[in-house]
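This report concerns only the one structure given below.
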Amino acid sequence: MGEIECCLLKREQEAELSTIKADTSKARSCTTSKDTEETFKELIKSFPFSSDRMKKRRDSLELFSYSSGHKLEGLVLVEKQVYLNGEVYTGFIYKKTGLREYKGMLQYEDGGIYEGHFLKGKENGKGRRLFSKFGMYTGNFLSGKFNGYGKYCGSKGEKYEGTWKDGVPSGDGSEILEDGQRYTGQYKEGLKSGEGTLHWPDGSYYVGKFKHGKVEGTGRKVWKSGKVYEGSWLSEKEHGYGKLTNPNGSVYEGLFSNGLKHGLGKLVLYIYSCFLVQMVIPMKEIG
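Going by this note's numbering, 185 is the number at position 199 of the sequence shown; the sequence numbering is gapless.
This is the structure:
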C-alpha cells in the first residue's frame, strides 16, 4: 500500500472514530449512570440505522476499497438481519458466507449493543459496546473480546482505562473503584499484579507490589494519621521484615507477622525532646 493510500485509509478510520465520539459526547467522561443511560437510549432509537446513516457507511466502504486497493465486491449492506439467538444486526456481511464483516451494529439478546468493526463474524478492531445495565466499553476488540487499549465506564462510577487481554485488564492501566479507591499500575488476568500505586478516599496511599489483586511483596504505605510502614507485605498485611514509624516519632524496625510486631526487632522510643531510648527486644504480637 502506497503512502497516499495509507493516508486516505487513516483519514477514513479517523472519520469513523469521530462519528462514534460525536454519538457519545455526553458519555465520554462516564461521570454518571444517567449520562450512560441516555446514550444507550439514543443508540437504541437509531437502530436499525437510518437510510442516511446507511448511505454514509456505503460511501465509507467505497472510500476504503478505493484507498486500500482491496477488492470488497463480496460485501452486502443489510438493513436488518435477525438471528435465531435473538440478536439483530445492521451493517455489512459477506454474501458468500453470510458473516458480519467490516462495519456494523449488533444488538444482543440481552439488549446490549455493539457498534464498530467486524471480522469473520466477530467483533474485531475498533468499536464500542454498551451493556444493558448502562456500562460502556470503547476501544479495541479481538475475536469478540476486549483486547488492546480500551476504556470501560460502569454505571456506579467505576472506571478502567488501559490495556486488555481476552476481555479483562492485563498490562498497564488505571482504575477508579466504586468506593473511590484509585489504582494505577500493572494488571494480570484482570487483577492488580506487579508494580502499582493505590490511593484510598481518606488520603492514605500505598506504593509497591501487588499479587492476585492484593497488596503483597515489598512496598510503602502512608496512612492519613501520618503512620508509615515500609517493608514486606502478605495478603494486604505487614508480614516479614519492615519498618514502622508512628506519628509520635517512635520507630519499630524488625519482624512482623499477620499485621503485628512479632519476633526480633528494634524499638526506638522518643520519651522527651532531649531523650532517646533504644532497645533491642523480642516482640510478640504487640499491635
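Glycine included, C-beta positions come from ideal geometry on N, C-alpha and C.
Item: Nearest-angstrom Cα separation, counted from Gly189 out to Phe117; Value: 33 Å
Item: Where Asn190 sits in the DSSP three-state scheme; Value: The identity of residue 190 in the sequence shown is Ser, whereas the question assumes Asn. In the structure shown, Ser190 sits in coil (DSSP, three-state: anything other than H, G, I, E or B).
Item: Length of the line joining the Cα atoms of Leu163 and Ser141; Value: 11 Å
Item: Contact check, Lys252 vs Glu222, beta carbons under 7 Å; Value: no
Item: Proximity to Leu220 [Cα-Cα], best of Tyr100, Leu241, Gly153 and Gly203; Value: Gly203
Item: Cβ-Cβ distance between Lys82 and Gly60 below 7 Å; Value: yes
Item: In DSSP terms, what Trp150 is bridged to; Value: Gly134 and Pro155
Item: Proximity of His103 and Gly111 at Cβ, strictly below 7 Å; Value: yes
Item: Bridge partner(s) assigned by DSSP for Gln319; Value: Not covered by the structure: residue 319. The range shown for the chain is -13 to 273.
Item: Tyr75, buried or exposed, once every other Cβ within 10 Å from all chains shown has been counted against 16; Value: buried
Item: Cβ-Cβ separation, Ser179 to Lys197 (assumed contact under 8 Å), whole Å; Value: 6 Å
Item: Residues near Ser236 in its chain [Cβ-Cβ closer than 8 Å; skip 5 each side]; Value: Leu253, Val254, Leu255 and Tyr256
Item: Residue ranges of each alpha helix (DSSP H) within the segment 67 to 107, 4 or longer; Value: none
Item: Cβ separation of Leu128 and Gly136, assumed to be a contact under 8 Å, to the nearest whole Å; Value: With 8 Å as the limit, Leu128 and Gly136 do not qualify as a contact, their Cβ atoms being about 11 Å apart.
Item: Cβ-based neighbour list, Glu161, same chain, cut-off 6 Å, excluding 5 preceding and 5 following; Value: Tyr146 and Tyr169
Item: Nearest-angstrom Cβ-Cβ length linking Gly159 and Gly148, presumed shorter than 8 Å; Value: 2 Å
Item: Asn232: first and last residue of the uninterrupted beta strand (DSSP E) it sits in; Value: Premise fails: Asn232 is in no beta strand (DSSP E) and is neither H nor E.
Item: Residues bridged to Ser243 (per DSSP); Value: Leu246
Item: Cβ-based burial, Glu87 [other Cβ within 10 Å; buried from 16]; Value: buried
Item: Other residues of its chain near Thr124: CB distance less than 7 Å, five sequence neighbours each side excluded; Value: Arg114, Gly136 and Lys137
Item: Check: Asn234 C-beta below 6 Å from any heavy atom of the ligand MN; Value: Annotation note on the ligand MN: not contained in the displayed structure, which lists no ligands.
Item: Residue environment, Gly205, which counts as buried when at least 16 other CB atoms sit within 10 Å; Value: buried
Item: N- and C-terminal bounds of the beta strand (DSSP E) containing Trp219; Value: Val214 to Leu220
Item: Host beta strand (DSSP E) of Phe120 (start-end); Value: Neither: Phe120 is in no beta strand (DSSP E) and is coded neither H nor E.
Item: Simplified DSSP assignment, three categories, for Lys142; Value: coil
Item: Environment of Pro155 [buried if 16+ CB atoms lie within 10 Å]; Value: buried
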